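First residue of the sequence shown? That's 0 in numbering that gives the first Met the number 0, and the numbers climb one at a time after it. Beta carbons: idealized from backbone N, C-alpha and C, even for Gly. What you are looking at is a predicted structure, and each value in this text was computed from that prediction instead of being measured. Following: one structure in C-alpha cells, then a few remarks.
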Amino acid sequence: MGTIYSSLASREHYGPQDEAPTPSVQKGDARRPVIQTQHPGRKLTPMSVLFKAVDWRGDFTQSSALASAAALVLLSFICVTCTAAESEMIEMGSVEEGSSLIEELMELTSQSLCRLEIKEHFNIVKEIGRGKYGRVMLVTHLCKGTPMALKVLPKASTKLQCFLREYCISLLLSCHPCIVGLFGIAFQSNEHYGFAQELVVGRDLFAIIQPRVGISECAVKRCAVQISSALEFIHQRGLVHRDIKPENILLLDNHCRQVKLADFGLTQRHGTFIRYISGTLPYMGPELCAMVMEEGQTEVKAPPLSVQPSLDTWAFAVLLFCILTGFFPWERCLDGDDFYEEFADWRRAPKTTSVPSQWKRFTPMCMEMFKRMLALDASDRCSIGEVKSYVGEDWVRAKDINGWAGVNGEVGTRTPSPCRSSHSGE
C-alpha cells in the first residue's frame with residue numbers, strides 16, 4: 000500500500016497531495032461539491048444539488064448556504080467557460096478580468112466561511128504533513144464517514160486574504176485533470192483557517208528519483224506532457240504557480256502514467272510585484288536569485304520583480320533536468336556557483352562552444368529545448384506549451400562504458416549535488 004498524501008500549500012516541503020481527477024460527484028457522496036468538470040461541454044450543476052453540496056456541516060445558516068452556493072455557481076460557470084475554449088488561447092477577456100473573477104470568488108467564500116471546531120465534525124486519523132506555515136491531517140467526516148485531508152493554517156501567522164486566495168485559486172484550477180481537486184469546504188476555528196482536500200494513495204515525484212540516476216526517459220516525457228498541460232491551463236488564467244518542483248507533483252502510479260500538480264500556496268497573479276523570494280533555490284531563475292539576501296544583508300538590493308509565466312518555465316526546465324539525471328544542474332543561479340557560471344558562459348558563447356559537463360548526456364534536440372526554456376533573459380524563454388513539441392524526440396544519449404558520450408566524443412562526469420529539498424522562506 001502506498002502512502003496517503005494531500006495538498007499542503009505553503010513554502011516548505013510538506014509532502015505532496017492529490018486526489019481524484021476533479022471535483023465531480025461520485026455515487027454515495029451527495030454532499031460533495033458537484034461541479035461537473037470531467038469533460039468539455041459539461042453542464043452546470045442544478046442549484047438544488049449545490050445547496051446539498053454546501054450543506055455538508057448540517058447546520059449552515061441560510062445566508063451561509065446562499066453564499067456558498069453562489070460561490071460554487073460562479074466556479075461552475077468559470078470552469079465550463081474555460082474548458083469550452085481549451086482548443087484556443089483562453090483569454091478570459093484579460094488578465095485583469097481573470098483577477099476580478101478570483102476576487103469575486105474570494106468575496107463569496109469569505110461570506111460563507113463558517114466557524115467550527117475540527118474535533119466536533121471530523122475524526123482525526125493522523126497528521127500526514129507539516130511545515131512552517133501549516134499542517135495537513137487525514138480525517139473522516141463524523142456524519143458521512145468521508146475520508147479527506149484537512150489543511151489547517153494557524154491564524155497567528157496567516158492573513159485571512161492569503162488563506163482565501165490560496166483556497167479560491169486551488170478551487171478555481173481544480174477542474175483540470177492534471178491538477179489536484181478540492182472538496183468545496185472552507186472554514187475557520189478559533190485558532191485556524193482550513194479547507195478540505197481529497198486523498199490519494201500514492202507518492203510524489205521526488206520519492207521515485209534515484210540519486211544521480213533519475214527516472215526513465217519515457218516516464219519523464221509522460222510527466223512533462225501532463226504538467227505542461229496543467230501549467231498552460233494556469234498561465235492562461237493569468238496565474239503563475241511559482242513553486243514547481245518534484246515534491247509538488249503527485250503520482251497515481253510509479254510510472255507517471257497519471258500525475259497531478261499540487262500546492263498553490265505561492266501562486267500569484269501575472270504581473271504581481273514581489274520583493275522577497277519564496278520557494279526552492281535550485282529551481283529559481285536568475286532574476287529571482289538576484290533577490291536572495293546574502294549573510295549580513297538587511298534588505299534586498301534588487302528592485303521588485305513582476306511575476307511572469309517565465310518563472311515557471313525556468314523551474315520546469317530545472318525539474319526536467321533533475322528527474323532525467325537525479326541531480327541539480329546548480330545550487331543557485333548566482334555568481335559563485337561554478338555550475339551555473341559554466342552554463343551561463345556557454346549560453347552567452349558562440350554555438351560551437353562545447354556544452355557544460357553535466358549537460359553532455361542530452362541529445363542536440365533536448366539541448367535545444369533546454370536552451371529555449373533556460374534563456375538567461377526571461378523575455379526570451381519559450382512558453383510552457385512548446386515542451387510538448389519535443390516529446391517525440393530522443394532526449395538522452397546512449398551510454399557507453401566510460402559514461403555519457405558527450406559532444407565531440409567527450410565524456411561528462413562532473414556533476415553537482417544530488418536532488419534534495421532546499422528551501423528559502425519568504
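- In the structure shown, aspartate 252 adopts coil according to DSSP, grouped into three states.
- Separation of valine 224 and leucine 323 (C-alpha to C-alpha, rounded to the nearest whole angstrom) is 15 angstroms.
- For the set Leu375, Arg268 and Gln235, the Cα lying nearest the Cα of cysteine 288 is the one of Leu375.
- Per DSSP, lysine 259 lies in no alpha helix (DSSP H) segment; the continuous beta strand (DSSP E) that holds it begins and ends at 258-260.
- Assigned with DSSP and collapsed to three states, cysteine 113 falls in strand.
- Just measuring C-alpha positions, the residue of Leu152, Ile248, Phe326 and Lys118 sitting nearest tyrosine 132 is Leu152.
- As summarised for the stretch 283-333, the continuous alpha helix (DSSP H) elements at least 4 residues long and confined to that stretch are 285-288 and 309-324, given in chain order.
- According to the DSSP assignment, isoleucine 168 belongs to the alpha helix (DSSP H) that extends over 159-172.
- By the C-beta density criterion, methionine 372 is buried, having at least 16 other C-beta atoms within 10 angstroms.
- Straight across, the Cα-Cα distance linking glycine 264 with phenylalanine 162 is about 9 angstroms.
- In this structure, the alpha-carbon of leucine 107 lies about 11 angstroms from that of leucine 100.
- In the displayed model, phenylalanine 263 falls within coil according to three-state DSSP, outside both helix and strand.
- Assigned with DSSP and collapsed to three states, arginine 202 falls in strand.
- An exposed status is given to glutamine 160, since fewer than 16 other beta-carbon atoms sit within 10 Å of its beta-carbon.
- Counting only residues of its own chain and dropping the five nearest sequence neighbours on each side, methionine 368 has a CB closer than 6 angstroms to the CB of Tyr389.
- A residue is called buried when at least 16 other Cβ atoms come within 10 angstroms of its Cβ; glutamine 209 does not meet this threshold and is exposed.
- Separation of valine 179 and leucine 204 (C-alpha to C-alpha, rounded to the nearest whole angstrom) is 14 angstroms.
- For the pair leucine 149 and glycine 193, the CB atoms are nearer than the 9 angstroms cut-off.
- Inclusion of glutamate 126 and serine 188 in the CB contact set at 9 angstroms is not warranted, their separation being larger than that value.
- Within the same chain, Cβ atoms closer than 6 angstroms to the Cβ of serine 169 are found at Leu181 and Phe263, the five residues on either side in sequence being excluded.
- Non-local C-beta neighbours of isoleucine 214 in its own chain, meaning closer than 7 angstroms and more than five positions away in sequence, comprise Ile207, Ile208 and Ile322, ordered along the chain.
- Taking each of Met364, Trp345 and Lys350 in turn and checking the Cα distance to serine 356, the smallest one comes out for Trp345.
- A Cβ-Cβ distance of about 20 angstroms is found for the pair valine 239 and proline 176, leaving them out of contact under the 8 angstroms criterion.
- Distance from phenylalanine 315 to isoleucine 233 at the Cβ level is roughly 11 angstroms; contact not present, criterion being Cβ atoms closer than 8 angstroms.
- The residues Val94, His234, Gly237, Leu238, Val239, Val306, Gln307 and Pro308, in chain order, have a CB closer than 8 angstroms to that of histidine 269 in the same chain once the five nearest residues on each side in sequence are set aside.
- The bridge partners DSSP lists for proline 153 are His191.
- Burial is judged here by how many other beta carbons sit within 10 angstroms of a residue's own beta carbon; isoleucine 243 has at least 16 and is buried.
- In the DSSP assignment, histidine 140 falls outside any alpha helix (DSSP H) and within the unbroken beta strand (DSSP E) covering 133-140.
- In this chain, the alpha helix (DSSP H) harbouring arginine 221 covers 216-235.
- Note on geometry: alpha-carbon atoms of phenylalanine 320 and alanine 195 lie some 33 angstroms from one another.
- Thr279 is the residue among Thr279, Thr352, Thr271 and Ser227 whose C-alpha sits nearest the C-alpha of glutamate 246.
- With contacts defined by Cβ atoms closer than 9 angstroms, alanine 229 and glutamate 286 do not form a contacting pair.
- At the C-beta level, glutamate 216 and tryptophan 358 stay beyond 9 angstroms of one another.
- About 6 angstroms separates the beta carbon of glycine 284 from that of leucine 310, a gap short enough to meet the 8 angstroms contact definition.
- Under the 10 Å beta carbon count, phenylalanine 272 is surrounded by fewer than 16 other beta carbons and is classified as exposed.
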